[in-house]
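S.K.: The following block contains the structure, expressed as structure tokens.
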Amino acid sequence: MKVLLDSHRCQGHARCAAFAPETFVFDDDGFSRVREGMEDVKPENQAGVRKACANCPELAISIVED
Amino acid sequence: MTKNSAEDRHGIRSVAIIGASLAGGACVARLRALGYDGQITVIDPDPLAPYDRPPLSKGVLTRAAPIETPRWWCDDCTLLRGRAVALDPWARRIGIREPDGQSRFVSADAIVIATGARPRRLPTEPAGVLALRSAADAKALCDALDRGAKSATIIGAGVLGCEIASSLRARGVEVAMADLAPLPLVRIFGAEIGKMAVGWMTEAGVALHLGVGIAAIRAGSAGFSVDLASGTQLQSDLVISAIGAEPETEWLNGSGIGIANGVLCDGSGAVLDRDGAILPNVFAAGDVAALRDQNGSHRRHEAWTAARQQGTEVAERILNGSQASAPDAEDYFWTDQFSRKIQVLGSVPANGTLNCVRTTARRHGALFEVRDGERHAGWIAMNCPELLAQVQAGLLAAE
Chain V
9 MKVLLDSHRC
19 QGHARCAAFA
29 PETFVFDDDG
39 FSRVREGMED
49 VKPENQAGVR
59 KACANCPELA
69 ISIVED
Chain L
136 MTKNSAEDRH
146 GIRSVAIIGA
156 SLAGGACVAR
166 LRALGYDGQI
176 TVIDPDPLAP
186 YDRPPLSKGV
196 LTRAAPIETP
206 RWWCDDCTLL
216 RGRAVALDPW
226 ARRIGIREPD
236 GQSRFVSADA
246 IVIATGARPR
256 RLPTEPAGVL
266 ALRSAADAKA
276 LCDALDRGAK
286 SATIIGAGVL
296 GCEIASSLRA
306 RGVEVAMADL
316 APLPLVRIFG
326 AEIGKMAVGW
336 MTEAGVALHL
346 GVGIAAIRAG
356 SAGFSVDLAS
366 GTQLQSDLVI
376 SAIGAEPETE
386 WLNGSGIGIA
396 NGVLCDGSGA
406 VLDRDGAILP
416 NVFAAGDVAA
426 LRDQNGSHRR
436 HEAWTAARQQ
446 GTEVAERILN
456 GSQASAPDAE
466 DYFWTDQFSR
476 KIQVLGSVPA
486 NGTLNCVRTT
496 ARRHGALFEV
506 RDGERHAGWI
516 AMNCPELLAQ
526 VQAGLLAAE
């Protein structure tokens, strides 16, 4: 499973940080990006990433299943 | 993902969703994502649906954003233009009036009520007073501004009224606002944010008339007059009513479904009959759904994230049988207005107090912890999404 984040869509709701803080990181302007090396989601992080995807108000997060 | 055969989805071969809303659309998307390959019919009378509502009071009004098919919409369904006018929840049969006046019926193995809400209107409103809920409403307001309206009186100082005020000021429109409440934004964000909002709205040139009732609204040849109980008369080209919304449930009167300010549901969207018993395979989601909370009282969650989550959960319940799942998250709500992004996580009780935990030099950001006496009730982030992110990631705590 891979996770992608469209940073142009991110409006800083920070819901992804609530559900998958190990995968997403916020810059000083409050916009999210996928942490370096975390694009391939480890099994233990997948449930959180799915919740982050489902809860993003801008639908900026997409998941590519293997 | 494994194929979800009819046998392991409890014989559900057809789903009818009333409302091409966010809740309805989230339900369609989740059903398909879970591998459901049966019939899905979505019924909605709005010729412009589906669309997303948050931009209607913001980018759509300022002409920064078009009305477009939202990313949450999954078009792997049959969209039927028509108004649901009756429901037999035991036979799971919906009566529909089509735009040409014809009647038809749709039956389905599972029904999802996602009819949302409509603007509450003052009994004293004359014809021509505008409201904002649908894409057509936003277009009507935009058209009035394009025709040269220079001034507006907004009735209601809630989140929607304040967002409209922000958009109209950005377009150079003179704005007056009236509300019986003593402060703006107070219902969702509490009194302390309300006091700050008085400051930034006044600075932006909004004439606030708070804590005063409306005696009359009169339409004349040169515009409107809103007469306040204090004797003040507000003259303007437009009057916009933004005093809240009421659930779209009249069509369910007499259906046997329990209704009390919304469709009564258990904690995760299973609809109850008038005796409080679950109606099998009838669900509700979004602004119309009054979900039972832990205290046993029913509450509608009028928020974008709640609507999406409820639609998603209902899809899972349809396919997995009737077990309820625990909600994922605290309530989350946000508004963008007057160059400010205000986010609230959790809830702000009427007597809640704010404790400023952190400020940022940039954009005058501030993070507040909301307390209800000794109890932590939530967080409010003003222009500092990065701090809200830290709170949610558990990296920042109250002092």
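Chains as they are written, first to last, in our numbering: chain V, 9 to 74; chain L, 136 to 534. For glycine and all other residues, C-beta sits at the position ideal for the given N, C-alpha and C.
1) Quick one: is L:G355 buried, meaning 16 or more other Cβ sit within 10 Å of its Cβ, or exposed?
2) Would a C-beta distance cut-off of 8 Å place L:G170 and L:V150 closer than the cut-off?
3) Mind listing which residues of the segment 205 to 237 of chain L have their C-beta closer than 7 Å to chain V's C-betas, in chain order?
4) If you drop the 5 nearest sequence neighbours on each side, which residues of the same chain put their C-beta closer than 6 Å to that of L:T137?
5) Since L:G467 sits in a beta bridge, which residues does DSSP pair it with?
6) Is there a C-beta anywhere in chain V that falls below 8 Å from the one on L:S243?
7) What is the DSSP secondary structure of L:R206, reduced to helix, strand or coil?
8) Which residue comes first and which comes last in the beta strand (DSSP E) that contains L:V406?
9) Between L:V310, L:H344 and L:A287, which lies nearest to L:P319 when the distance is taken from Cα to Cα?
10) Under 7 Å between beta-carbons, which chain L residues line up against V:C43? List them in chain order, please.
11) Among L:L522, L:V308 and L:S482, which has the Cα closest to the Cα of L:R282?
12) Would you say L:K476 faces chain V, with C-beta separation under 8 Å as the test?
13) For L:Q527, return the contacting residues in chain V, with the cut-off set at a CB-CB distance below 7 Å.
14) Let's see if you can read the secondary structure: which residues bound the beta strand (DSSP E) around L:T494?
15) Would you list the residues sitting across from L:E381 in a DSSP beta bridge?
16) How many angstroms separate the CA atom of L:P261 from the CA atom of L:A287?
17) Take V:D4 and list the residues in its own chain whose beta-carbon comes closer than 6 Å to its own, dropping the five residues that flank it on each side.
18) Is it true that the CB of L:V361 sits closer than 8 Å to the CB of L:I290?
19) For V:P51, would you say it is in contact with chain L, using Cβ-to-Cβ distances shorter than 8 Å as the test?
20) Can you give, in chain order, each stretch of the beta strand (DSSP E) that sits fully within the segment 187 to 248 of chain L and has at least 3 residues?
21) Output, in chain order, the set of chain L residues within a Cβ distance shorter than 9 Å of V:L67.
22) Taking only three categories from DSSP, how would you classify V:N63?
23) Buried or exposed for L:R607, please, with buried defined as at least 16 other CB atoms from any protein chain shown within 10 angstroms of its CB.
24) For L:P520, count the other beta carbons within 10 Å of its own beta carbon; 16 or more makes it buried, fewer makes it exposed. Which is it?
25) Straight-line CA distance for L:A273 to L:Q445?
26) Apart from the five residues on each side of it in sequence, which residues of its chain come closer than 6 Å, Cβ to Cβ, to L:V220?
27) If we count the other Cβ atoms within 10 Å of its Cβ and call it buried at 16 or more, is L:W225 buried or exposed?
28) Can you find a C-beta in chain L that's less than 8 Å from the C-beta of V:R58?
29) Which residue from L:L183, L:G402 and L:A424 puts its Cα closest to that of L:D396?
30) Establish whether the CB of L:E521 and some CB of chain V are separated by less than 8 Å.
31) For chain L, check one thing: does any of its Cβ atoms lie closer than 8 Å to the Cβ of V:D74?
32) Is L:V505 closer than 8 Å to L:L522 when the C-beta atoms are compared?
33) Tell me the residue span of the beta strand (DSSP E) that contains V:K10.
34) Within a Cβ cutoff of 6 Å, which residues of the same chain sit near L:A305, ignoring the five residues on either side of it in sequence?
35) Could you give the DSSP three-state label for L:E327: helix, strand or coil?
M.R.: In terms of the structure at hand:
1) Indexing the second sequence from 1 puts residue 355 of chain L at position 220. Exposed, since its Cβ has fewer than 16 Cβ neighbours within 10 Å.
2) On the second sequence, position 35 is the one that residue 170 of chain L refers to. On the second sequence, position 15 is the one that residue 150 of chain L refers to. No.
3) R206 and W207
4) Numbered from 1 along the second sequence, position 2 holds the residue referred to as residue 137 of chain L. Any reading at L:T137 must be qualified, since the residue scores a pLDDT of 46, below 50, and its modelled position is unreliable; no value is offered.
5) Position 332 of the second sequence holds residue 467 of chain L. First, the residue type needs correcting, since residue 467 of chain L is Tyr and not Gly in the sequence shown. Per DSSP, L:L480.
6) Taking the first residue of the second sequence as position 1, residue 243 of chain L is located at position 108. According to the sequence provided, residue 243 of chain L is Ala. The question's Ser does not apply to it. Not closer than 8 Å to any Cβ of chain V, the Cβ of L:A243 fails to qualify, so no.
7) Here residue 206 of chain L refers to the residue found at position 71 when the second sequence is read from its first residue. Correct three-state label for L:R206: coil.
8) Position 271 of the second sequence, counted from the start, is the residue given in the question as residue 406 of chain L. Its beta strand (DSSP E) spans residues A405 to L407.
9) Mapped onto the second sequence, residue 319 of chain L falls at position 184. Among L:V310, L:H344 and L:A287, the Cα nearest to that of L:P319 belongs to L:H344.
10) Within the first sequence, the letter at position 35 stands for residue 43 of chain V. Going by the sequence as given, residue 43 of chain V is Arg instead of Cys. Result: empty, since nearest Cβ-Cβ is about 11 Å, beyond 7 Å.
11) Locating residue 282 of chain L in the second sequence gives position 147, where the first residue counts as 1. Ranking L:L522, L:V308 and L:S482 by Cα distance to L:R282 puts L:V308 first.
12) Reading the second sequence from its first residue, position 341 is the one you call residue 476 of chain L. L:K476 counts as touching chain V.
13) What you label residue 527 of chain L is simply residue 392 of the second sequence in a count that begins at 1. Simply A22, A25 and A26.
14) Sequence index remark: in the second sequence, residue 494 of chain L carries index 359 (1-based). That run of the beta strand (DSSP E) goes T488 to T494.
15) For this step, residue 381 of chain L is matched to residue 246 along the second sequence. Answer is L:R253, bridged to L:E381.
16) On the second sequence, residue 261 of chain L is found 126 positions in, with the first residue counted as 1. On the second sequence, residue 287 of chain L is found 152 positions in, with the first residue counted as 1. About 15 Å.
17) The structure shown has nothing for residue 4 of chain V, since chain V only spans 9 to 74.
18) For this step, residue 290 of chain L is matched to residue 155 along the second sequence. For this step, residue 361 of chain L is matched to residue 226 along the second sequence. Yes. Within cutoff.
19) The sequence position of residue 51 of chain V within the first sequence is 43, counting from 1. Judged by the 8 Å Cβ criterion, V:P51 is not in contact with chain L.
20) 213 to 216, 218 to 223, 228 to 232, 238 to 242 and 245 to 248
21) Counted from its first residue, the first sequence places residue 67 of chain V at position 59. Neighbours of V:L67 on chain L, chain order: P205, R206 and W207.
22) In the first sequence, the residue the question calls residue 63 of chain V occupies position 55. Note: V:N63 maps to helix in three-state DSSP.
23) Past the edges of chain L, shown from 136 to 534, lies residue 607 of chain L, and the structure says nothing about it.
24) As a position in the second sequence, residue 520 of chain L is number 385, starting the count at 1. Per the 10 Å Cβ criterion, buried.
25) The residue you call residue 273 of chain L lines up with position 138 of the second sequence. The residue you call residue 445 of chain L lines up with position 310 of the second sequence. Rounded to the nearest angstrom, the two C-alpha atoms are 26 Å apart.
26) Here residue 220 of chain L refers to the residue found at position 85 of the second sequence. Counting only Cβ-Cβ distances below 6 Å, and skipping sequence neighbours, we find G230, R232 and W386.
27) By one-based count along the second sequence, residue 225 of chain L stands at place 90. Classification of L:W225: exposed, given that the 10 Å Cβ count is below 16.
28) Taking the first residue of the first sequence as 1, we reach residue 58 of chain V at position 50. Chain L contact via Cβ: absent.
29) Working through the second sequence from its first residue, we reach residue 396 of chain L at position 261. The question names Asp, yet the displayed sequence has Asn at residue 396 of chain L. Selected option, being the one with the closest Cα: L:A424.
30) Here residue 521 of chain L refers to the residue found at position 386 of the second sequence. Yes, contact with chain V.
31) In the first sequence, residue 74 of chain V corresponds to position 66, counting from 1. Chain L, which has no Cβ nearer than 8 Å to the Cβ of V:D74, makes this no.
32) For the purposes of this step, residue 522 of chain L is taken as the residue at position 387 of the second sequence. For the purposes of this step, residue 505 of chain L is taken as the residue at position 370 of the second sequence. Not a contact, by the Cβ cut-off of 8 Å.
33) Working through the first sequence from its first residue, we reach residue 10 of chain V at position 2. K10 to L13 is the extent of the beta strand (DSSP E) around V:K10.
34) Position 170 of the second sequence, counted from the first residue, corresponds to residue 305 of chain L. The answer, listed in chain order, is T197.
35) Mapped onto the second sequence, residue 327 of chain L falls at position 192. The answer is helix: DSSP assigns L:E327 an H, G or I state.
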